[in-house]
Amino acid sequence: MGYEPQLGKEEIRRLYSRLAAAFSQRPFGEVYEECHEMIRKYYSCFPLLLNMANLLLNHYALAPDPETGKGILEEIIRLSIRVKEGSRDIFLIRQANVLEATGYLEMGEPKRALALLQDTVMPILGEEILLSCAYEQTGQRDKAVETLQIDMYQKVIGLIGDAQKYLMLHMHEKEAFRETVQRMTAVSDCFRLDQLHPMSMGNLYYVAALGFLSQKSREEALDMLERFAEVWIQIELPVKLHGDEYFDKLGGWFKEFDLGDQAPLNDNVIKKSLLEALSPASGVGELAGDPRFELLVRRMKNKLN
Numbered sequence: 122m123g124y125e126p127q128l129g130k131e132e133i134r135r136l137y138s139r140l141a142a143a144f145s146q147r148p149f150g151e152v153y154e155e156c157h158e159m160i161r162k163y164y165s166c167f168p169l170l171l172n173m174a175n176l177l178l179n180h181y182a183l184a185p186d187p188e189t190g191k192g193i194l195e196e197i198i199r200l201s202i203r204v205k206e207g208s209r210d211i212f213l214i215r216q217a218n219v220l221e222a223t224g225y226l227e228m229g230e231p232k233r234a235l236a237l238l239q240d241t242v243m244p245i246l247g248e249e250i251l252l253s254c255a256y257e258q259t260g261q262r263d264k265a266v267e268t269l270q271i272d273m274y275q276k277v278i279g280l281i282g283d284a285q286k287y288l289m290l291h292m293h294e295k296e297a298f299r300e301t302v303q304r305m306t307a308v309s310d311c312f313r314l315d316q317l318h319p320m321s322m323g324n325l326y327y328v329a330a331l332g333f334l335s336q337k338s339r340e341e342a343l344d345m346l347e348r349f350a351e352v353w354i355q356i357e358l359p360v361k362l363h364g365d366e367y368f369d370k371l372g373g374w375f376k377e378f379d380l381g382d383q384a385p386l387n388d389n390v391i392k393k394s395l396l397e398a399l400s401p402a403s404g405v406g407e408l409a410g411d412p413r414f415e416l417l418v419r420r421m422k423n424k425l426n
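With the numbering used here applied, the sequence shown closes on residue 426, and no number is skipped along the way.
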């Protein structure tokens, strides 16, 4: 049997970090070719292929032209299928299925994404509660607490992600839109999510601002943009996953991630996207010239520069 080279989790983590940084510093085509070299060399290392697909998904928007971007999305789909067909790791296969579906959505093929995902929404079975009980009854109280913290953390962050999409679906239904904004800001304040998971909350506030602008509610849009800016002004770069004084048992869990506690995007890419989000050409560009808007833009630039 021939030798098929593999990479360990820490090696994959370092490679991802290096290539993510390279996308913000070197010509796109040069870094893309380096990704290809890694894919060819480690074509039987399914965790590496999954991370390369994720890396490309997070950076394909930097491609020099739409045709190149489309080709990258097609490659993401091929890599995802390769992982699904070759791996025996159920969690890896599920992640690959999500990446494949995301590729189809980005390519404007929602029916193919639907075919992959429509049977995946199932009732919650409560395994985490049972696992926590089992840990407790075997004298492992710390593991019982950790299990519940992880479950609560994932569900509250998942709620914010769902709410972001919910807002997008209700931008022209003012009552549902405003109620969602009010409830999610209350959840954020309760769990201190602006500090705990700023990327999720920043995205939510920005979508809320876009919705209020579409409803001709400029002051409320500015309220949301001020919250958006405040999230990013108070954050320390580089962006890392972390807990807080309440969620104080998450560190070991984060370390088990393929990327550890690091963000999937390099800081330079994050900074660029944030400044673009507030540019005159952005969805909130009509606010240019408003004193409140200009102030938050200056504060953001001071922070990011």
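For each residue, glycine too, the CB sits at the ideal point set by N, CA and C.
In this text the structure is predicted, and so the values were computed from the model without any measurement.
So, at 7 angstroms on beta carbons, what are the nonlocal neighbours of His363 in its own chain, with the 5 sequence-adjacent residues on each side left out? Listed in chain order, the non-local C-beta contacts of His363 below 7 angstroms within the same chain comprise Asp382, local neighbours out to five positions each way being set aside.
Excluding sequence positions up to five away, which residues of its chain have a Cβ less than 8 angstroms from the Cβ of Glu195? Once the five neighbours on either side are set aside, the close Cβ partners of Glu195 are Gly224, Met228.
How about the stretch 276-285 and the stretch 318-332: do they share at least three Cβ pairs that are nearer than 8 angstroms? Short answer: they touch.
Per DSSP, cross-strand counterpart(s) of Lys361: BP columns for Lys361 point to Gln383.
For Ser403 and Asp186, the rounded distance between their alpha carbons: Cα atoms of Asp186 and Ser403: separation of roughly 19 angstroms, rounded to the nearest angstrom.
Specify the secondary structure class of Asn423 as computed by DSSP and reduced to three states. Here Asn423 carries a helix assignment [DSSP, helix/strand/coil].
If distances are taken between C-alpha atoms only, which option among Gln216, Leu220, Arg215, Leu371 comes closest to Ile198? Measuring from the Cα of Ile198, the nearest candidate turns out to be Leu220.
Take Pro385 as the anchor and find which of Asn175, Lys370, Leu290 has the nearest alpha-carbon. Of the listed residues, the one whose Cα sits closest to Pro385 is Asn175.
Nearest to Ile214 (by Cα), restricted to the options Phe349, Pro244, Phe167: Selected option, being the one with the closest Cα: Phe167.
Per-residue DSSP class, three states only, for Glu132: For Glu132, the secondary structure class from DSSP, reduced to helix, strand or coil, is helix.
With respect to the alpha helix (DSSP H) encompassing Leu343, which residues constitute its N-terminal and C-terminal limits? It spans 339-355 - the alpha helix (DSSP H) in which Leu343 sits, taken as one unbroken run.
Taking the alpha helix (DSSP H) that Ser321 belongs to, which residues open and close that run? Here the alpha helix (DSSP H) through Ser321 covers 319-335.
Please list, in chain order, all residues of the same chain as Gly123 whose beta carbon is under 6 angstroms from its beta carbon, the five residues on each side excluded. Residue placement at Gly123 cannot be trusted, given a pLDDT of 49 that sits under 50; the coordinates are not used to answer.
Taking Pro168 as part of the alpha helix (DSSP H), name the residues at either end of that continuous run. Looking at the DSSP string, the run of the alpha helix (DSSP H) that includes Pro168 is 167-180.
Identity of the residue in Glu296, Glu341, Pro244, Val277 nearest Asp310 by Cα: Nearest C-alpha to Asp310: Val277.
State the DSSP-derived secondary structure class of Met122, mapped to helix, strand or coil. Low confidence applies here, because Met122 scores a pLDDT of 44, under 50, leaving its location unreliable; read the following figure in that light. Reduced to three states, the DSSP call for Met122 is coil.
Beta-carbon within less than 7 angstroms of Asp379's beta-carbon, same chain only, minus the 5 sequence neighbours each way: which residues are those? So the list reads Lys130, Ile133, Arg134, Pro168, Asn172, once near-sequence residues are dropped.
Run the CB neighbour count on Gln146, radius 10 Å, all protein chains shown included, and call it buried at 16 or more, exposed below. Exposed is the label assigned to Gln146, since fewer than 16 other Cβ atoms lie within 10 Å of its Cβ.
Under 8 angstroms, with one C-beta from each stretch per pair, do the stretch 233-247 and the stretch 256-267 reach the 3-pair mark? Because the criterion of three Cβ pairs below 8 angstroms is not met, the stretch 233-247 and the stretch 256-267 do not touch.
Enclosing alpha helix (DSSP H) for Gly394 [first to last residue]: Note that residue 394 is Ser in the sequence shown here, rather than Gly. Where Ser394 is concerned, the enclosing alpha helix (DSSP H) starts and stops at 388-398.
Using 8 angstroms as the threshold, is the C-beta distance between Val390 and Leu399 below it? Cβ atoms of Val390 and Leu399: not closer than 8 angstroms.
By Cβ distance, which residues of its chain are closer than 7 angstroms to Leu371, with the 5 residues on each side in sequence left out? Within the same chain, and ignoring the five residues on either side of Leu371 in sequence, the residues whose Cβ sits closer than 7 angstroms to its Cβ are Gln270, Ile271, Tyr274, Gly364.
Is the beta carbon of Leu417 closer than 8 angstroms to that of Leu346? Taking a C-beta distance under 8 angstroms as the contact criterion, Leu346 and Leu417 qualify as a contact pair.
Taking Leu317 as the reference, which of Ile356, Gly150, Ala329 has the closest Cα? Closest option to Leu317, Cα to Cα, is Ile356.
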